[in-house]
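S.K.:
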Amino acid sequence: MLLEIKRFTREHGYIIVICCSDKGSRKFFKCDRGGKAEDNKRKGDPRDQSKFSRLIGCLFSAHTSCERGGLVRYYENDYPHHNHPATKDT
């Protein structure tokens, strides 16, 4: 299912990544542009002087879950909208 989700989103100009998961039962996804650059910095570290970041705070999020036994897996959008246009060069 993960490959189908990634293929579908890439065909539509978006990239989603796994942000966290449970062991086998649930996976949580977010847009690769979600979050803020400040969240990735270590306080007081002079090496974190990056001038560019792709992160713009996109709120898209989704998750998959499965029933007992793992035979049926469900996909659900928690927040289905992106706050940026689709990328043309994916």
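Here the sequence shown stands for residues -1 to 88, numbered as in the working numbering. All C-beta atoms in this analysis are idealised placements derived from N, C-alpha and C, irrespective of residue type, glycine included.
Is the beta carbon of residue 12 less than 9 Å from the beta carbon of residue 50?
M.R.: Cβ atoms of residue 12 and residue 50: not closer than 9 Å.
S.K.: Hey, residue 85 and residue 24: beta-carbon distance below 9 Å or not?
M.R.: No, they are not a contact pair.
S.K.: Measuring straight from C-alpha to C-alpha, what distance separates residue 33 and residue 65?
M.R.: Rounded to whole angstroms, residue 33 to residue 65 spans 30 Å at the Cα level.
S.K.: Expressed to the nearest angstrom, what Euclidean distance is found between the alpha-carbon atoms of residue 72 and residue 83?
M.R.: About 27 Å.
S.K.: What is the rounded straight-line gap between the Cα of residue 31 and the Cα of residue 14?
M.R.: Roughly 9 Å between the two C-alpha positions.
S.K.: For residue 77, which residues from the same chain have a beta carbon less than 7 Å from its beta carbon, with the 5 sequence-adjacent residues on both sides left out?
M.R.: So the list reads 57, 58 and 59, once near-sequence residues are dropped.
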